[in-house]
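Keeping their order, the protein sequence lines are chains A and C.
First residue of the first sequence? That's 183 in the working numbering, and the numbers climb one at a time after it.
First residue of the second sequence? That's 183 in the working numbering, and the numbers climb one at a time after it.
Before any comments, here is the structure.
Protein chains: 2
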Amino acid sequence: MGRFPTVQLKLPDWIDTSVPHGGVVLHSVEARMEFVIRLARRNVAEGTGGPFAAAIFLRDSGELLAPGVNCVVPAMCSVAHAEMVAIMVAQQIAKTFDLGGEGLSACELVTSTEPCAMCLGAIPWSGVRRLVCGARREDAERHGFDEGERAASWVTGLTRRGIDVVQDVRREEAADVLRAYQESGGLAYNGRLGARTEKP
Amino acid sequence: MGRFPTVQLKLPDWIDTSVPHGGVVLHSVEARMEFVIRLARRNVAEGTGGPFAAAIFLRDSGELLAPGVNCVVPAMCSVAHAEMVAIMVAQQIAKTFDLGGEGLSACELVTSTEPCAMCLGAIPWSGVRRLVCGARREDAERHGFDEGERAASWVTGLTRRGIDVVQDVRREEAADVLRAYQESGGLAYNGRLGARTEKP
């Protein structure tokens, strides 16, 4: 056995019951977003992480490849944002570090809130061909979350790399998850970390 | 058992023999960088990943908390850059998602090459208080690697969040690992992914 621990990221148990046994096939981006928003709400209700969810779908067929939810606190892992979890689980399923590799159907990442700087940086390396976003950065910030330093031209940056971006899909419903979380007194740990140095 | 796989990130077996049993304590950033550069070289020699390594040290005492190496290909995980692995392993050891939390000694991230956009975005969420870099972005790009879209003012961005940045520590030795990797015909998968859309 090694001296350094193996990092293990496991989706919460309730995820299995959220995904019907025959799998999930959703044809519109609105339906895919609705699925992801439901995961975000459930993640808060179950106490298994922050109010963020994501999923990797096959872009053309609409088949769900992998869901992801924020599990930073339970996994003791600041990297475990919903998008990162969805990407990592999908790559384990596809058995490749490149979801855009030859022989694979084009994948898309659907996320309940626009990616933070880390998740945005991860997208080109993941191999996904399309990003679909619900709530905007401004929604996240209004509800106490810190999205980090993203280039103002991030949409153009992804597009130039061959990754299409679709914004504002069910934006209000998606933002409502953040609002409800804040109103319930949920911990916005990113915001706290970002502001740490301003405290005495 | 869940229907979706648990993501597991394990450091290569040879890491254990690289770290003396009593642990590692290195007082200067140069010595810490030398340690990290050695890991990067070894990672290539052992065939366990790309030419990148990192480590989390306790900033003031110089004690090694966790090493990290790039294991994207063997782990089938595009997220598994050296910095991300070091952060995640360190958080498992410290049993917290926040290496800057109360009661913990200040941590620093030492990386053989300046962080790409993803790893840069991950740094504020990790809780580290200092970033120490070897090779520059230009060195990585000259040797075929793609660092992604980072804000030009990324050093200022981190500093504003209370994270000090030290650049060019043993830069030439660190860049030499990238040069040797490229000359040996090593796969620069980030570069390939970034350039994918320009291919026919």
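Just so it is clear, CB atoms sit at the ideal spot from N, CA and C, and this is done for glycine as well.
Treat the numbers as computed from the prediction; the structure is a model and nothing was measured.
task: On the DSSP bridge assignment, give the partners of L191 (chain A) in chain order.
output: DSSP output for L191 (chain A) lists C:V189 as bridge partner(s).
- request: Return the first residue and the last residue of the alpha helix (DSSP H) that C301 (chain A) is part of.
  value: That run of the alpha helix (DSSP H) goes A299 to S308.
- prompt: Does the distance from the C-beta atom of T293 (chain A) to that of E265 (chain A) stay below 9 Å?
  reply: Contact flag set, yes.
- prompt: At least one CB of chain A closer than 9 Å to the CB of L313 (chain C): is that the case?
  reply: Residue contact with chain A for L313 (chain C): absent (no Cβ-Cβ distance below 9 Å to any residue of chain A).
- request: Give a yes or no on whether 9 Å exceeds the smallest Cβ distance from L185 (chain C) to chain A.
  value: First, the residue type needs correcting, since residue 185 (chain C) is Arg and not Leu in the sequence shown. At least one CB of chain A lies nearer than 9 Å to the CB of R185 (chain C).
task: Identify, in the order they occur along the chain, each residue of the same chain with its Cβ nearer than 6 Å to the Cβ of C253 (chain A), setting aside the five sequence neighbours on each side.
output: Scanning its chain for C-beta atoms nearer than 6 Å, with the 5 sequence neighbours on each side dropped, one finds around C253 (chain A) the residues G231 and A262, in chain order.
Residue environment, R185 (chain A), which counts as buried when at least 16 other CB atoms sit within 10 Å: R185 (chain A) comes out exposed.
- request: Return the CA-CA distance between E296 (chain C) and R319 (chain C), expressed in angstroms with no decimal places.
  value: Cα to Cα, the separation comes out at about 6 Å.
- prompt: From this set, A:A268, A:P249 and A:N225, which residue's C-alpha is nearest I305 (chain A)'s C-alpha?
  reply: Per the C-alpha coordinates, the member of A:A268, A:P249 and A:N225 positioned closest to I305 (chain A) is A:A268.
task: Would you kindly work out how many angstroms separate the C-alpha atoms of G250 (chain C) and A235 (chain A), rounded to a whole number?
output: Take the alpha-carbon of G250 (chain C) and the one of A235 (chain A): they are about 27 Å apart.
message: I need the DSSP call for F217 (chain A), collapsed to helix, strand or coil.
response: Helix at F217 (chain A).
query: Where DSSP assigns a beta bridge to G250 (chain C), which residues make up the other side?
result: Beta-bridge pairing by DSSP links G250 (chain C) to C:A236.
- request: Mind checking which residues open and close the beta strand (DSSP E) that includes V314 (chain C)?
  value: DSSP places V314 (chain C) in the uninterrupted beta strand (DSSP E) bounded by R312 to A317.
- prompt: What's the gap between the Cα of G282 (chain C) and the Cα of A276 (chain C)?
  reply: Take the alpha-carbon of G282 (chain C) and the one of A276 (chain C): they are about 10 Å apart.
query: Using 9 Å as the limit for Cβ to Cβ distance, is S151 (chain A) near chain C?
result: Not covered by the structure: residue 151 (chain A). The range shown for chain A is 183 to 382.
message: If you follow the alpha helix (DSSP H) that C271 (chain A) is in, where does it begin and where does it stop?
response: The sequence shown places Val at residue 271 (chain A), not Cys. Judged by DSSP secondary structure, V271 (chain A) falls within the alpha helix (DSSP H) whose first and last residues are A264 to A276.
message: Less than 9 Å between CB atoms is the rule here; does L375 (chain A) satisfy it with respect to chain C?
response: Residue placement at L375 (chain A) cannot be trusted, given a pLDDT of 46 that sits under 50; what the coordinates show is reported in the next sentence. Closer than 9 Å: yes.
The region 190-197 of chain C / the region 322-331 of chain C touching (three or more Cβ pairs under 8 Å): Because the criterion of three Cβ pairs below 8 Å is not met, the region 190-197 of chain C and the region 322-331 of chain C do not touch.
task: Note down the Cα distance separating R378 (chain A) from D346 (chain C), rounded to an integer number of angstroms.
output: Bear in mind that a pLDDT of 38 at R378 (chain A), under 50, signals an unreliable position, so the number given afterwards is only what the model happens to contain. Rounded to the nearest whole angstrom, the C-alpha separation of R378 (chain A) and D346 (chain C) is 14 Å.
task: Report the residue from A:R214, A:V211 and A:I219 whose alpha carbon sits nearest the alpha carbon of E354 (chain A).
output: Taking only the C-alpha atoms, the option nearest E354 (chain A) is A:I219.
task: Find the nearest neighbour of Y363 (chain C) within the set C:P233, C:V337, C:S200 and C:A322, judged by alpha-carbon distance.
output: Ranking the options by Cα distance to Y363 (chain C), first place goes to C:P233.
field: Cβ-based burial, S210 (chain A) [other Cβ within 10 Å; buried from 16]
entry: Classification of S210 (chain A): exposed, given that the 10 Å Cβ count is below 16.
- prompt: Is there at least one Cβ from chain C nearer than 9 Å to M215 (chain A)'s Cβ?
  reply: M215 (chain A) is outside the set of residues whose beta carbon lies under 9 Å from a beta carbon in chain C.
Through-space distance from S243 (chain C) to V246 (chain A), alpha-carbon basis: First, the residue type needs correcting, since residue 246 (chain A) is Leu and not Val in the sequence shown. Roughly 48 Å separates the two Cα atoms.
- prompt: Between G330 (chain C) and chain A, is there a C-beta pair that is closer than 9 Å?
  reply: It does: the Cβ of G330 (chain C) has a partner Cβ on chain A nearer than 9 Å.
query: Between which two residues does the alpha helix (DSSP H) harbouring T230 (chain A) extend?
result: Boundaries cannot be given for T230 (chain A), as no alpha helix (DSSP H) includes it and DSSP labels it neither H nor E.
message: Once the 5 residues before and after G376 (chain C) are set aside, which same chain residues still bring their CB inside 7 Å of it?
response: Any reading at G376 (chain C) must be qualified, since the residue scores a pLDDT of 40, below 50, and its modelled position is unreliable; the value itself is stated next. Same-chain partners within the cutoff: D328.
Beta-carbon neighbours of A248 (chain C), restricted to chain A and to distances below 8 Å: Chain-ordered, the chain A residues with CB closer than 8 Å to the CB of A248 (chain C) read F186.
- request: Taking A339 (chain C) as the query, report the chain A residues whose CB atoms sit under 8 Å from its CB, ordered along the chain.
  value: Checking the sequence, you will find Gly at residue 339 (chain C) rather than Ala. Contact of G339 (chain C) with chain A by beta-carbon distance below 8 Å involves E331.
- request: Count the other CB atoms, across all protein chains shown, that sit within 10 Å of the CB of E290 (chain C); report buried if there are 16 or more and exposed otherwise.
  value: Burial call: buried.
- prompt: Cβ of S260 (chain A) less than 9 Å from any chain C Cβ?
  reply: With 9 Å as the cut-off, S260 (chain A) counts as an interface residue toward chain C.
field: Backbone CA spacing between S308 (chain C) and A288 (chain C) [nearest angstrom]
entry: Take the alpha-carbon of S308 (chain C) and the one of A288 (chain C): they are about 12 Å apart.
field: Beta-bridge pairing of T295 (chain C) - partner residues as DSSP gives them
entry: DSSP, once it has assigned bridges, lists C:A317 as partnering T295 (chain C).
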